[in-house]
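What follows is a single structure, written as C-alpha cells, with notes after it.
In our numbering, the protein residues as written are -1 to 285.
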C-alpha cells in the first residue's frame, strides 16, 4: 500500500468497527516488482510467493499498481509484461489479484490509459462519486466474465470515527435527491432574503459549497425549483426574493345574482411555498 501503517490501521478500524475477526491482514509498503528498465525483480517475486504459500494468502491487493510496477499505461507491451510476469504467476498459486487504478482527470467515468487494462482482467468495478463533495456514490461493473451486474448506489456515513455504507434502491435515490434539493432550496432562500439588493449565483455557490458542502449541480437545481415556484426572480443577474404573499391587493367589479353590483378583493397565498396549490382569500363587499 502507498499509505503508512498508522493510516491503514485507522482505516481498517473505521471500516470494521468492533468486528471480531481472526483473519490476518499483511502489508508490504516497499519494493518494486518491475523497474524502469522493464526488468522483473525475481528476488521480490520469490519472497512474495514464499509468504503466499507460508501464510496461505488468497487475496493480494495492490494500492496502487503504479506504486509497485513501472509501466506506461498507454502501451500494450508494458501492460502485457505486468500481466504475464506478475499477475499470471501469482494467479497460478491460487491467489486472486485485485489492483487499484485511477480514472481519468478529465473524465471520471473512464479509466486512464489503454483499453488493454480492461481487456486483461476478469472483472472490473468503477466507483463514481455522485455530486461534488457528496457522500453518495455509484459502483459500475463495466466487465465481468460471468455477466455484468446492475449499478449499485449507496451513501457513506461518517459517525463516531466509523464508516457506515448504505446501499440504496432507485426510490431511495430519488427521495434522497429530492431531500438534498429541498434542503439546498431552504439555504438559498435564507441567503437571498438576507441580501436586500440581491445576491449573485457565484456568491451563493461560494457560500453554500463552503459552509454547507452543497454541490454546484444541487444548488442550480434548487434555484430552478424556486424560480418555477415564483419565489425568486432574477434582476440584473442577481437573485431576489419574490414572495407572492406580498403582492398588492387588486380590486375588480363583479356582478351579483340579484343584479346588484359589488367588488372583490383577493390575495394569493402560497401553500407551503408551493404555488402549485393556492388558497384564495376572498372578501365580498356589497354597494
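Yeah, the Cβ is synthetic: ideal placement off N, Cα and C, and Gly gets one too.
- The alpha-carbon of residue 190 is positioned some 20 Å away from that of residue 177.
- Just measuring C-alpha positions, the residue of 205, 60, 197 and 10 sitting nearest residue 234 is 197.
- Under the three-state reduction of DSSP output, residue 222 falls in the helix class.
- Contact between residue 237 and residue 202 holds, with the beta-carbon distance rounding to 7 Å and staying under 8 Å.
- Taking a cut-off of 8 Å on C-beta distances, the segment 76 to 87 does not touch the segment 122 to 142, as fewer than three cross pairs fall below it.
- Looking at 151, 134, 120 and 35, the one whose alpha-carbon comes closest to that of residue 140 is 120.
- Residue 116 and residue 144 have their alpha carbons spaced roughly 15 Å apart.
- In this structure, the straight-line span from the alpha carbon of residue 151 to that of residue 175 is close to 12 Å.
- Between residue 93 and residue 32, the CB-CB gap reaches or exceeds 8 Å.
- Within the segment 184 to 233, complete alpha helix (DSSP H) segments of at least 4 residues are found at 199 to 209 and 214 to 226, given in chain order.
- Residue 25 counts as exposed, since fewer than 16 other beta carbons sit within 10 angstroms of its beta carbon.
- Contact between residue 212 and residue 206 is confirmed by a C-beta separation of about 4 Å, below the 8 Å threshold.
- Cα atoms of residue 59 and residue 53: separation of roughly 15 Å, rounded to the nearest angstrom.
- Judged by DSSP secondary structure, residue 98 falls outside any alpha helix (DSSP H); it is assigned neither H nor E.
- Residue 182 carries a helical assignment under DSSP once its states are collapsed to helix, strand and coil.
- A distance below 7 Å between beta-carbons, with the five flanking residues on each side excluded, links residue 231 to the following residues of its chain, in chain order: 238 and 240.
- The three-state reading of DSSP puts residue 81 in helix, counting H, G and I together.
- A straight-line Cα-Cα distance of about 33 Å links residue 35 and residue 142.
- Rounded to whole angstroms, the gap between the alpha carbons of residue 147 and residue 133 is 22 Å.
- When rounded, the separation of the alpha-carbon atoms in residue 216 and residue 61 is 32 Å.
- Rounded to whole angstroms, the gap between the alpha carbons of residue 113 and residue 56 is 27 Å.
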